[in-house]
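**Student:** Mind looking over this structure? Questions follow.
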Amino acid sequence: IVVISIGYYEGKQLTQVGISSNEMIGDEYTTVMNALKQKGFKYVSVEPIGDLVTGEEDELNKIEGVKIGFIEDFSENIKIPANIPVKITYHTYLTIGTPYSSKEAKKQSYEEVKEAFKTKGFTNIKLEVEYDIVTGWMTKEGDIEKITIDENDKFDSNEEFRPDSEVVITYHDWKKNKPKE
666 IVVISIGYYE GKQLTQVGIS SNEMIGDEYT TVMNALKQKG FKYVSVEPIG
716 DLVTGEEDEL NKIEGVKIGF IEDFSENIKI PANIPVKITY HTYLTIGTPY
766 SSKEAKKQSY EEVKEAFKTK GFTNIKLEVE YDIVTGWMTK EGDIEKITID
816 ENDKFDSNEE FRPDSEVVIT YHDWKKNKPK E
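Position in the sequence shown (first residue = 1) + 665 = the working numbering.
Next up, the structure:
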């Protein structure tokens with residue numbers, strides 16, 4: 666009786682997928698995720714693949730693959746228990762970690778920080794100079810005032826950002842070095 670009951674329960678849990686794995690590839694992941702949930706699948710998860718760079722926007726959020734349990738290649742007619750986990754992998758932008766936190770960067774020279782960000786793979790690094798040093802007692806030439814990434818001035822070491830994020834390093838220089846206008 667127990668075996669028959671389990672078989673009956675599992676049989677009632679069977680859900681027809683309604684779309685093949687090949688048809689899902691290239692679709693927007695949220696559309697497929699919602700469709701599978703509407704079909705009755707209870708454990709649908711997503712996993713981003715950070716592999717896109719600027720210029721590949723047409724692939725953003727598009728499905729790379731769908732896995733139901735251990736099955737990666739399936740037809741639309743397949744019936745699978747609704748309590749089997751479904752994992753959708755999709756494309757998103759590549760991100761890279763910062764070499765310093767915003768606090769750590771302030772303790773370095775602006776040249777070292779610029780080079781460290783460049784070495785990590787950041788491509789949009791800008792320098793801004795504040796010509797505000799008079800005596801040099803408190804602030805040294807080249808000391809960093811602040812560093813921002815996409816206007817965010819508080820970030821941790823190895824926090825992830827896109828390589829084309831705008832990194833602005835603001836540093837101090839002698840007032841006397843300010844170009845005449």
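Heads up, the beta-carbon is just placed ideally off N, CA and C, and yes, glycines get one too.
#1: Only counting the same chain, and skipping five residues up and downstream in sequence, which positions put a Cβ closer than 6 Å to that of K805?
#2: Quick check: G807 and K785, are their CB atoms within less than 8 Å of each other?
#3: Between the segment 772 to 792 and the segment 825 to 835, do at least 3 Cβ pairs fall closer than 8 Å?
#4: Indicate the three-state DSSP secondary structure (helix, strand or coil) for N823 in the structure shown.
#5: Straight-line CA distance for F706 to L725?
#6: Should Q773 be labelled buried (16 or more other beta-carbon atoms within 10 Å of its own) or exposed?
#7: On the criterion of 16 or more Cβ atoms from any shown chain inside 10 Å, does P844 qualify as buried, or is it exposed?
#8: Please determine if the segment 705 to 721 and the segment 810 to 824 are in contact, where contact requires at least 3 C-beta pairs separated by less than 8 Å.
#9: Can you say whether V718 is buried or exposed, counting buried as having 16 or more other CB atoms within 10 angstroms of its CB?
#10: On a CA-only basis, which of S830, N842, D716 and N823 is nearest E795? Give me that one, please.
#11: I need the boundaries of the beta strand (DSSP E) containing L701, first residue and last residue.
#12: Skipping 5 residues on each side, what residues in its chain have a beta carbon closer than 8 Å to that of F722?
**Tutor:** From the atom records:
#1: none
#2: no
#3: yes
#4: coil
#5: 24 Å
#6: buried
#7: exposed
#8: no
#9: exposed
#10: N842
#11: That residue, L701, is in no beta strand (DSSP E); its alpha helix (DSSP H) goes Y694 to K704.
#12: Checking the displayed sequence, the identity of residue 722 turns out to be Glu instead of Phe. Counting only Cβ-Cβ distances below 8 Å, and skipping sequence neighbours, we find nothing.
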